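Asks: Supplied in structure tokens, the structure appears directly below.
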Amino acid sequence: MTEVKKIVNQLHPLERKLLPLLKFNNIQSEIVKNSKLEEVEITRAAQWLEAKGLVINELTITQTAKLTDHGRKYLEKGLPEKRFLRTIKNTILNLEEIKQKAELSNEEVNACIGLLRRNNYIETIKEKEAKFKITNQGISVLEKKSDEEQLLEKLKDGAKTEIFSDKDKKIIEELRKRNITRTDENKERKITLTKLGKEIVKEKLDVNLIENLTPEILKNKEWKDKEFRSYDVKSQVPKLIGGRGHPLQETIDYIRTIFLDMGFKEMEGPLVETAFWCMDSMWIPQDHPAREVQDTFYLNKEGKLPIKELVKKVAEVHENGGKSGSKGYGYKFDENVAKQLLLRTHTTATTFRYFGERNIKPPAKYFYIGRIFRNEAIDATHLPEFHQVEGFIMDEGLTLRDLMGYVKEFYNKMGINKIKFKPTYNPYTESSMEAYGYNEQLGKWIELINSGIFRPEALEPYGIKVPVIAWGLGLERLAMMIHEQKDVRNMLGATSDLRWLREHKVTKKW
Ligand code: PHE
Numbered sequence: 010m011t012e013v014k015k016i017v018n019q020l021h022p023l024e025r026k027l028l029p030l031l032k033f034n035n036i037q038s039e040i041v042k043n044s045k046l047e048e049v050e051i052t053r054a055a056q057w058l059e060a061k062g063l064v065i066n067e068l069t070i071t072q073t074a075k076l077t078d079h080g081r082k083y084l085e086k087g088l089p090e091k092r093f094l095r096t097i098k099n100t101i102l103n104l105e106e107i108k109q110k111a112e113l114s115n116e117e118v119n120a121c122i123g124l125l126r127r128n129n130y131i132e133t134i135k136e137k138e139a140k141f142k143i144t145n146q147g148i149s150v151l152e153k154k155s156d157e158e159q160l161l162e163k164l165k166d167g168a169k170t171e172i173f174s175d176k177d178k179k180i181i182e183e184l185r186k187r188n189i190t191r192t193d194e195n196k197e198r199k200i201t202l203t204k205l206g207k208e209i210v211k212e213k214l215d216v217n218l219i220e221n222l223t224p225e226i227l228k229n230k231e232w233k234d235k236e237f238r239s240y241d242v243k244s245q246v247p248k249l250i251g252g253r254g255h256p257l258q259e260t261i262d263y264i265r266t267i268f269l270d271m272g273f274k275e276m277e278g279p280l281v282e283t284a285f286w287c288m289d290s291m292w293i294p295q296d297h298p299a300r301e302v303q304d305t306f307y308l309n310k311e312g313k314l315p316i317k318e319l320v321k322k323v324a325e326v327h328e329n330g331g332k333s334g335s336k337g338y339g340y341k342f343d344e345n346v347a348k349q350l351l352l353r354t355h356t357t358a359t360t361f362r363y364f365g366e367r368n369i370k371p372p373a374k375y376f377y378i379g380r381i382f383r384n385e386a387i388d389a390t391h392l393p394e395f396h397q398v399e400g401f402i403m404d405e406g407l408t409l410r411d412l413m414g415y416v417k418e419f420y421n422k423m424g425i426n427k428i429k430f431k432p433t434y435n436p437y438t439e440s441s442m443e444a445y446g447y448n449e450q451l452g453k454w455i456e457l458i459n460s461g462i463f464r465p466e467a468l469e470p471y472g473i474k475v476p477v478i479a480w481g482l483g484l485e486r487l488a489m490m491i492h493e494q495k496d497v498r499n500m501l502g503a504t505s506d507l508r509w510l511r512e513h514k515v516t517k518k519w
């Protein structure tokens with residue numbers, strides 16, 4: 010079979026009908042008028058033909074400006090501003106009189122006064138009540154047709170906006186704001202035959218091929234003297250979109266496997282915490298600024314403190330350093346402050362619960378991926394509710410070098426290889442260290458992780474005598490980097506980009 014014959018055999022009945030019409034006319038709306046084909050049928054056939062390389066579709070959008078009902082009324086009776094001026098052409102009148110004579114509504118009058126004053130067409134005379142007098146400029150505009158009026162005439166039967174000058178377009182836009190004109194958009198498809206298309210049109214197209222094999226066709230042997238339409242295996246089919254995990258959940262799952270592979274155990278803890286576990290337990294001072302309501306969401310309730318001996322030990326390190334060798338903060342520890350319930354601001358609360366409640370012995374490696382809350386305004390890189398990836402390692406002889414090694418290893422596994430470290434400050438770690446990752450997409454270094462070695466004051470109440478290296482990182486920031494997103498709101502919540510969520514391949518870099 011020749012190439013041409015092959016294509017002819019694949020044509021759908023709608024394509025067969027449309028093709029010959031294209032010899033005479035290639036504007037969709039005109040084909041609709043002059044044929045029995047419906048608009049959707051033409052659209053579909055044109056798309057199929059384009060996929061086969063027989064036509065090229067071009068969509069053009071034309072705007073037509075028309076008069077609204079208001080506009081029609083004004084065309085007949087004159088624009089409100091002209092009517093206003095006309096009533097005071099030879100006399101001075103008050104507002105009520107003008108309204109009646111010119112038959113203007115309150116709204117129309119109010120809109121007019123502003124416009125007429127701005128152009129110096131009227132002046133106000135203050136007597137007992139305000140009266141309006143026409144100016145010389147006002148009289149001269151009454152004598153000729155304004156640009157607006159001329160446009161109203163031109164738009165009487167609607168006109169394509171493209172024919173107007175920029176100045177006229179501006180006026181039309183002004184009139185549109187005043188609900189005098191309206192702009193309709195009209196999409197037009199131009200369907201042009203390609204070289205191949207022109208050849209196909211020469212063929213005999215109105216053949217009746219068998220589209221579907223049915224029992225009837227088999228029974229009455231119709232197939233014997235008819236041809237079947239061939240399959241076009243290259244034709245486009247609708248996209249099927251299946252369900253999938255949220256990219257952020259897939260990121261969480263991947264991080265979990267990294268830590269489990271490295272021999273870490275997973276922690277779990279409550280979202281609602283006492284200030285004790287979230288702050289006091291790790292020697293964050295009771296007057297620390299991060300405790301303020303601007304940063305932390307408090308609940309209007311108190312929670313329970315752990316066993317007395319532990320609270321006492323924690324109170325002591327705050328007050329005088331206890332047995333940690335430190336002088337402490339030198340204030341009186343307030344249990345009421347520690348009892349306050351809040352939405353946890355970091356997952357380190359859970360780390361310290363494990364220290365206080367589970368008697369963890371070295372060597373130990375734990376991690377946790379949990380939701381946390383901070384009183385922050387939402388923007389491209391901030392959310393009031395997000396996830397932290399927390400971890401700690403407790404063992405003899407651990408140093409900052411080990412911490413750097415683990416952090417590097419973790420990020421390498423996440424596909425981020427450019428990392429640098431910087432000293433920082435945390436009340437509960439010494440040394441403290443931040444790591445930055447280079448974000449190729451934004452072209453800058455982004456803070457990725459906060460970490461350190463827990464201080465003796467933080468560990469003393471739990472009887473932990475060996476070094477504990479620990480870290481906490483914002484999951485959403487990391488996910489943004491990996492998934493090349495500039496705005497976290499594209500990934501999450503009501504404004505997330507559904508197409509991205511459906512189609513984004515999470516495993517690209519891993
Ligand atoms: N809790 C710290 C934060 O929220 C992270 C951290 C955890 C730092 C453990 C040091 C040690 O930023």
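Position one of the sequence shown corresponds to residue 10 (our numbering), numbered consecutively onward.
We treat Cβ as the ideally placed atom computed from N, Cα and C, and that holds for glycine.
Everything numeric in this text was worked out from a predicted model, so none of it was measured.
Have a look at Glu85, Phe342, Gly452, Val64 and flag the residue whose alpha-carbon is nearest the alpha-carbon of leucine 205.
Replies: With respect to the C-alpha of leucine 205, the residue from Glu85, Phe342, Gly452, Val64 having the closest C-alpha is Val64.
Asks: In angstroms with no decimal places, state the Cα-to-Cα distance between leucine 249 and leucine 68.
Replies: 26 Å
Asks: Could you check the C-alpha separation between alanine 347 and serine 335 for me, to the nearest Å?
Replies: 21 Å
Asks: Skipping 5 residues on each side, what residues in its chain have a beta carbon closer than 8 Å to that of arginine 511?
Replies: So the qualifying residues of the chain are Ile250, Arg253.
Asks: What is the DSSP secondary structure of valine 242, reduced to helix, strand or coil?
Replies: coil
Asks: If I'm right that isoleucine 36 touches isoleucine 51 with Cβ under 8 Å, what's the distance once you round it to whole angstroms?
Replies: Contact flag wrong, Cβ pair sits at about 10 Å.
Asks: May I ask which residues mark the beginning and end of the alpha helix (DSSP H) holding leucine 465?
Replies: In the sequence on display, residue 465 carries proline and not leucine. First-last of the alpha helix (DSSP H) with proline 465: 465-468.
Asks: Which residue marks the beginning of the alpha helix (DSSP H) containing proline 22, and which one marks its end?
Replies: Per DSSP, proline 22 belongs to the alpha helix (DSSP H) from 22-30.
Asks: Which term fits valine 242, buried or exposed, when burial requires 16 or more other beta carbons within 10 angstroms of its beta carbon?
Replies: exposed
Asks: Residues in its own chain within less than 7 Å of tyrosine 363 by CB, not counting five upstream and five downstream?
Replies: Met276, Ile369, Tyr375
Asks: Between histidine 355 and the rest of its own chain, which residues show a CB-CB distance below 8 Å, the 5 nearest in sequence each way excluded?
Replies: Cys287, Ile381, Gln397, Glu399, Gly481
Asks: Closest to leucine 31 by CA distance: which of Ile209, Tyr434, Phe419, Glu485 is it?
Replies: Comparing Cα-Cα distances from leucine 31 to each of Ile209, Tyr434, Phe419, Glu485, the minimum goes to Ile209.
Asks: Figure out for me which residue from Leu20, Pro372, Asn188 has the closest Cα to the Cα of lysine 213.
Replies: Nearest option by C-alpha distance: Leu20.
Asks: Taking the Cβ atom as the reference point for each residue, do glycine 406 and isoleucine 428 lie within a distance shorter than 9 Å?
Replies: no
Asks: Between the segment 454-470 and the segment 323-330, can you find at least three pairs of beta-carbon atoms closer than 8 Å?
Replies: yes
Asks: Is serine 460 helix, strand or coil by DSSP?
Replies: Serine 460 carries a strand assignment under DSSP once its states are collapsed to helix, strand and coil.
Asks: What is the residue span of the alpha helix (DSSP H) that isoleucine 148 lies within?
Replies: 145-152
Asks: Output the residue ranges of the alpha helix (DSSP H) runs that lie fully inside the segment 408-439 and measure 4 residues or longer, sorted by chain position.
Replies: 409-422
Asks: Is serine 505 helix, strand or coil when you go by DSSP?
Replies: coil
Asks: Pull the bridge partners of isoleucine 378 from the DSSP assignment, please.
Replies: Val398
Asks: What would DSSP say about lysine 517, mapped onto helix, strand or coil?
Replies: For lysine 517, the predicted model reports a pLDDT of 44, less than 50, meaning its position is unreliable; a value from the coordinates is still stated below. Helix.
Asks: I'd like the list of long-range same chain contacts for isoleucine 226, defined as Cβ closer than 7 Å, with 5 residues on each side in sequence excluded.
Replies: Within the same chain, isoleucine 226 has close Cβ partners Ile219, Trp232.
Asks: How would you label proline 476, buried or exposed, when you count the other beta carbons within 10 angstroms and need 16 or more for buried?
Replies: buried
Asks: Which same chain residues, not among the five before or five after aspartate 496, have their C-beta less than 7 Å away from its C-beta?
Replies: Ala389
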